[in-house]
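Accompanying notes for the structure given below.
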Amino acid sequence: MGQLKDKEVIKVAGGTMLALEGIKILDLSGLVPGAFCTMILGDFGAEVIKVEMPTPSPLAGGGPSPKGEERRAEAAYFAYNRNKKSIGLNLRSDKGREIFYRLAQQADVIIEGYRPGVVKRLGVDYETISKLNPKIVYCSLSGYGQDGPYCNFSGHDINYISLAGVLGLMGPPGAPPAVPMNLIADLAGASLYGVIGILMGLLARNKTGKGQY
0 MGQLKDKEVI
10 KVAGGTMLAL
20 EGIKILDLSG
30 LVPGAFCTMI
40 LGDFGAEVIK
50 VEMPTPSPLA
60 GGGPSPKGEE
70 RRAEAAYFAY
80 NRNKKSIGLN
90 LRSDKGREIF
100 YRLAQQADVI
110 IEGYRPGVVK
120 RLGVDYETIS
130 KLNPKIVYCS
140 LSGYGQDGPY
150 CNFSGHDINY
160 ISLAGVLGLM
170 GPPGAPPAVP
180 MNLIADLAGA
190 SLYGVIGILM
200 GLLARNKTGK
210 GQY
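Quick note on numbering that gives the first Met the number 0: the sequence shown kicks off at 0 and runs consecutively.
Right under this line is the structure:
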């Protein structure tokens, strides 16, 4: 292996550059898996624009608060959406889609967390966006994948860990399962593998010049 010259070494701790600086991400996800995924990418320098529908984000309705303080409904929202910009768009309207298309033409990554088929009905699916921006890396996070017998089922973390058998391993023998406080499948599954998939897509794009889904 060759050695890097001093000027080629990027000293992140010194504040000169973060690994994902210059990467622009449009976040359509809304819930924890996508929000945590883009939070990580934003922590490493990506410019993340959270695209919010006119209805409030479900994340704005709950979250932890310091002991002894009144519960802060927006705590989780602020935690997962640090380092992000935001824009409110009604993607069901022609004007909202027009604005989104302009943003997508300048973006590197789009991530969405709807049930399969929703982004196609909204007109912001990969097939549509890739015609406007062939270099886009597009990530879809859904509970049971984009096809298969369960793809249209709604789901939450407890559903996924139940189906996988993980929940049955928690708690004392002969007692009901002990539901974990943390979102195991959402965070350790969808979020982290979303990050990995997006980074691999960007790496492949550097080699081929083309985006991925």
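In this text, a Cβ means the ideal position worked out from N, Cα and C, and glycines have one as well.
Item to check | Enclosing beta strand (DSSP E) for Gly87 [first to last residue] | outcome: 83-87
Item to check | Proximal residues to Tyr149 (C-beta, below 7 Å), its chain only, five neighbours per side dropped | outcome: Tyr143
Item to check | Contact set for Tyr137: own chain, Cβ-Cβ below 6 Å, skip 5 residues either direction | outcome: Ile109, Tyr125, Tyr212
Item to check | 8 Å contact criterion, which Ile48 and Ile86 should meet: CB distance rounded | outcome: 6 Å
Checklist entry - Looking at C-alpha atoms only, which residue of Leu102, Asp185, Leu168, Tyr100 is the closest neighbour of Ala177? => result Leu168
Checklist entry - Taking the runs of the alpha helix (DSSP H) that are 4 residues or longer, which of them lie wholly in the region 125-194? => result 125-131, 156-162
Item to check | Three-state class that DSSP yields for Ile22 in the structure shown | outcome: coil
Checklist entry - Based on the DSSP output, what are the partners of Leu27 in its beta bridges? => result Glu111
Checklist entry - Sorted by chain position, which residues of the same chain lie with C-beta nearer than 6 Å to Ile195's C-beta, five sequence neighbours on each side aside? => result none
Next on the checklist: So Phe35 and Leu186 are supposed to be a Cβ contact under 8 Å. How far apart are they, rounded?
Outcome noted: 6 Å
Next on the checklist: Quick check on the burial criterion: 16 or more other C-beta atoms within 10 angstroms. Buried or exposed for Asn205?
Outcome noted: exposed
Checklist entry - Roughly how far, in whole angstroms, is the beta-carbon of Asn89 from the beta-carbon of Pro53, given that I think they are within contact range, below 8 Å? => result 5 Å
Item to check | Simplified DSSP state of Lys209, which is helix, strand or coil | outcome: coil
Checklist entry - How many angstroms separate the CA atom of Pro133 from the CA atom of Lys209? => result 6 Å
Checklist entry - Just reading off the alpha helix (DSSP H) that Val117 is part of, what are its end residues? => result 117-121
Checklist entry - Is the CB-CB distance between Ser139 and Gly112 below 9 Å? => result yes
Checklist entry - Roughly how many whole angstroms lie between the Cα atoms of Ser28 and Pro179? => result 23 Å
Item to check | Own chain residues within Cβ distance below 6 Å of Gly116, not counting five before or after | outcome: none
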